[in-house]
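Here the structure is laid out as structure tokens; the discussion comes afterwards.
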Amino acid sequence: MCVGSCTTYTGCGHNKFQTEDHCPGGINAQGNCIHGLFAIAWQKWSDTPSLCVNCYRRHVADVIARYKKKIAEVDEDIGNHTWEMRAAPNDAARELIKAQRSRLEVKRGELIDSRYDELEEFRIQQGVWGDA
45 MCVGSCTTYT GCGHNKFQTE DHCPGGINAQ GNCIHGLFAI AWQKWSDTPS
95 LCVNCYRRHV ADVIARYKKK IAEVDEDIGN HTWEMRAAPN DAARELIKAQ
145 RSRLEVKRGE LIDSRYDELE EFRIQQGVWG DA
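So for the sequence shown, our numbering puts the first residue at 45; every next one is plus one.
Structural data, given as structure tokens:
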């Protein structure tokens, strides 16, 4: 029987088993006991990071996807304003549409900054820098 530790991530409840001492029966290519017997010598609860690697990556991907959708909507609006500006009947209308387009470009930049800020805050909360 192999002996090791079990880390439970408090944010998602998933467990990570780590073998510390292998049984004489041997291990497979993945480093797991071929007998499937595992004794937990100690249990650890992890608050930092509070999510396992898979849940952490899923959360980061969700944040990126959410912002990517918002940015795509703003990009579409910018494209629409570009066409409206070209079709505007006079200079005053073009200037108004140009101002609206400029505000959308600022909004796009703010969304990108917000995405990075949210990811940075999440990584600090998890005690992880970069993708695990």
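The C-beta atom is built at its ideal place from N, Cα and C for all residues, glycine as well. Source: prediction; values computed, not measured.
- Query: Where do the ends of the beta strand (DSSP E) carrying Thr52 lie?
  - Reply: In this chain, the beta strand (DSSP E) harbouring Thr52 covers Cys46 to Tyr53.
Could you tell me the distance, in whole angstroms, from the CA atom of Glu120 to the CA atom of Gln87? 51 Å
Indicate the three-state DSSP secondary structure (helix, strand or coil) for Asp119 in the structure shown. Helix at Asp119.
Ser94 - DSSP class collapsed to helix/strand/coil
Assignment of Ser94 by DSSP, reduced to helix, strand and coil, places it in the coil class.
Residue from Ile84, Cys56, Asp65 and Gly57 with nearest C-alpha to Cys50
Ile84
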